[in-house]
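Have a look at the structure below before the remarks.
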Amino acid sequence: MTLVDLDALDNIVDPRPTIGVIGAGRLGICFALLADRAGYKVIVSDVRKDYIKNLQEKTISTNEPYVPELLKQSDIKATTSNEEVIKESDIIYTFVATPSLNDGSYDVSAVQKVVDDILDTPLVFTDRKTFVVGCTTNAGDCDKFAEQLPGMKVYYNPEFIAQGAIVNGLLKADMVLVGGEYDRKIVDLYYRIQGPEMEPNMNFMSLTAAELTKIALNCYLTMKISYANQVGEVLTKFGLDDEIDTVLNAIGADSRVGSKYLGYGFGFGGPCLPRDNRAFAHAAETVGLKNNIGLTIDAFNDEHSDFLANELCEKHKNKKVPFYFPDGITYKKGTDILEESQQYRLFKELLSRGYKVTVMELPEVVEKVYDDLVYTWPGQFKFIYREEHIPPDYHKVNF
2 MTLVDLDALD
12 NIVDPRPTIG
22 VIGAGRLGIC
32 FALLADRAGY
42 KVIVSDVRKD
52 YIKNLQEKTI
62 STNEPYVPEL
72 LKQSDIKATT
82 SNEEVIKESD
92 IIYTFVATPS
102 LNDGSYDVSA
112 VQKVVDDILD
122 TPLVFTDRKT
132 FVVGCTTNAG
142 DCDKFAEQLP
152 GMKVYYNPEF
162 IAQGAIVNGL
172 LKADMVLVGG
182 EYDRKIVDLY
192 YRIQGPEMEP
202 NMNFMSLTAA
212 ELTKIALNCY
222 LTMKISYANQ
232 VGEVLTKFGL
242 DDEIDTVLNA
252 IGADSRVGSK
262 YLGYGFGFGG
272 PCLPRDNRAF
282 AHAAETVGLK
292 NNIGLTIDAF
302 NDEHSDFLAN
312 ELCEKHKNKK
322 VPFYFPDGIT
332 YKKGTDILEE
342 SQQYRLFKEL
352 LSRGYKVTVM
362 ELPEVVEKVY
372 DDLVYTWPGQ
382 FKFIYREEHI
392 PPDYHKVNF
C-alpha cells in the first residue's frame, strides 16, 4: 500500500480538526486508521468493551488487509464512551449499525442514540461541531437528525467499499458522496486520506438526495449482476452454457456497458448490496411508484440460486461423487461473512438433496457453522484447509 505524501498536500487548511468515530466496526476502524495516518488526531468509541481493550492494546483480529499494520503504527485513542468522543472531537463520524427491517427500510435507532448522546453531553456547543453520518440511512432520516441538532452542521457521507478490501476502497474511491453544504474540512480530510494525486471526486448534494444516491447506485450494481446472470440462464437453456463468458465479454466490451459486475455465477450477497437494493425498492414504494425494479431484482436473485442448484444436480446425478467448493461458502472469498451468501445457500441446498460436499474454507468460518450443520447433515460434508485434502473425484463448483 502506497502511503500518501503529506508534504505534497498544498493549500489545505490547518490546524487539522480532531476526528471522532462512533462505531468502530469493520468500516469505522478502517476510516479512523486512515484519518490517523493522514495526520489527524482520532478518537473512536464502540460498545464492545473487549474490542476496545484490544484496540488499546493494538491486538485486534481481522480479515481486512492493512488494518493490523495501520493499528500498530497509529496513535488513535479508543474508548467505550460516546460522550468522550463527542467532547473531544470537532468532526464526529458515526458508523453504527443500521439493520434492515422487514419492509426493506433501515432501523436507524442506533444513529438516533448518537444524536441523543450529542444532545445529552454537557457543555457541548453544537455550532462548533460537525456531525457526519457514515452508515446507510433512509431517505429523509438525516434531515430529521439535522432538525434535532440546531446550529450543528450535519452531513451524510456513506462509503462505497467491499468487505475484504475496505482500506483499499477508501484510498481509491471513484467518488466521494456527501449530503450537505460544501465544507472545506471534509474535502481536506479526503485529500489527506487519498493523496493529492487521486484528486477525490467530491459530490455535494442535499441530504436526502445523497441518501437516495447511495442506495440507487448499489441497486444499479445488483441490476447489472442480475442481468448477467439472466443472460447466462438463457444461454444455458439454449445449450450454450460453454459460451456464457464469451457472450458477456462481448457485451461488456461495449463502452456503454462495461465489464465490471458483468460475470455469470452466484447472485449478489453480503451485508450491503441486498439491503441497499431492498431499501431502494422501499423508497420507490413509499412514493407510490409501480413496476418496482428493486423488487424485481430481489426476486430474480432469489430464483437464480435455485436455478444454479437445479442445473448442477441435473448435470451431476451421481451422489457418490462430492461437490467441491474451492472458493468457500462466504459471500466473498477471503472474508468470514455469511450474510445473504448465495454460496452458503447453494451448499446447504445440495446437502438437503442428498449430495456430499467438500469445502475449502477458513477455520473461523467453519467455527460459525459446523455445529448447526453436523446436527442436520452428519457425515455429508467436509471442510478442508489445504489443497492436498481435496477429494480425488469431485464436481467443482465455481463460477
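Residues in the sequence shown are numbered from 2 upward in steps of one, following the working numbering.
Where is the CB? At the ideal position from N, CA and C, for every residue including glycine.
- A distance below 7 Å between beta-carbons, with the five flanking residues on each side excluded, links Glu362 to the following residues of its chain, in chain order: Gly329, Ile330 and Phe384.
- Measuring C-alpha to C-alpha distances from Gln381 to each of Ile391, Pro323, Asp277 and Ser342 identifies Pro323 as the nearest.
- Runs of the beta strand (DSSP E) lying entirely within the segment 328-373 and spanning at least 3 residues, in chain order: 358-361.
- Val134 carries a strand assignment under DSSP once its states are collapsed to helix, strand and coil.
- By the criterion of a C-beta distance shorter than 8 Å, Asp51 is surrounded by no residue of its chain, once the five residues flanking it on both sides are discounted.
- Less than 8 Å separates the beta-carbon of Asn158 from that of Ile187.
- Residue burial is scored here from C-beta neighbours: His390 has fewer than 16 other C-beta atoms within 10 angstroms and is therefore classed as exposed.
- Counting along the chain, Val168 sits inside the alpha helix (DSSP H) bounded by residues Ile167 to Leu172.
- Distance check between Glu350 and each of Met199, Lys333 and Ser306 places Ser306 closest, using alpha-carbon atoms only.
- Scanning the segment 49-126 from its first residue to its last, the whole alpha helix (DSSP H) runs of 4-plus residues come out as 50-58, 68-74, 83-89 and 110-121.
- By alpha-carbon distance to Ile77, the top candidate from Val258, Cys31, Pro100 and Cys314 is Cys31.
- Taking 8 Å as the cut-off, the Cβ atoms of Ile53 and Thr80 count as close.
- Under DSSP, Ile245 forms no beta bridge with any residue.
- When the beta-carbon positions are compared, Thr223 and Ile167 stay at least 8 Å from each other.
- Here Val109 is buried: its Cβ has 16 or more other Cβ atoms, across all protein chains shown, within 10 Å.
- When the beta-carbon positions are compared, Val133 and Ile93 come within less than 8 Å of each other.
- For Ile294, the enclosing alpha helix (DSSP H) has its first and last residue at Ile294 to Lys316.
- For Ser46, the enclosing beta strand (DSSP E) covers residues Val43 to Ser46.
- Exclusion of the five residues before and after Asn399 leaves Pro327 and Asp328 as the residues of its chain whose Cβ lies within less than 6 Å of its Cβ.
- For Phe269, there is no enclosing beta strand (DSSP E), since its DSSP letter is neither H nor E.
- Here Thr122 is near Glu84, since their CB atoms are less than 8 Å apart.
- Non-local beta-carbon contacts of Leu236 in its own chain, meaning distances under 7 Å to residues more than five positions away in sequence, involve Asp242, Glu244, Ile245 and Val248 in chain order.
- At the C-beta level, Leu178 and Ala211 come within 8 Å of one another.
- Under the DSSP assignment, Gly289 falls outside any beta strand (DSSP E); it carries neither an H nor an E label.
- The three-state reading of DSSP puts Phe324 in strand, counting E and B together.
- Its chain contains Pro323 and Gln381 as the residues whose beta carbon lies nearer than 6 Å to that of Lys357, once the 5 sequence neighbours on both sides are disregarded; these appear in chain order.
- Going by DSSP, Leu34 is part of the alpha helix (DSSP H) stretching over Arg27 to Arg38.
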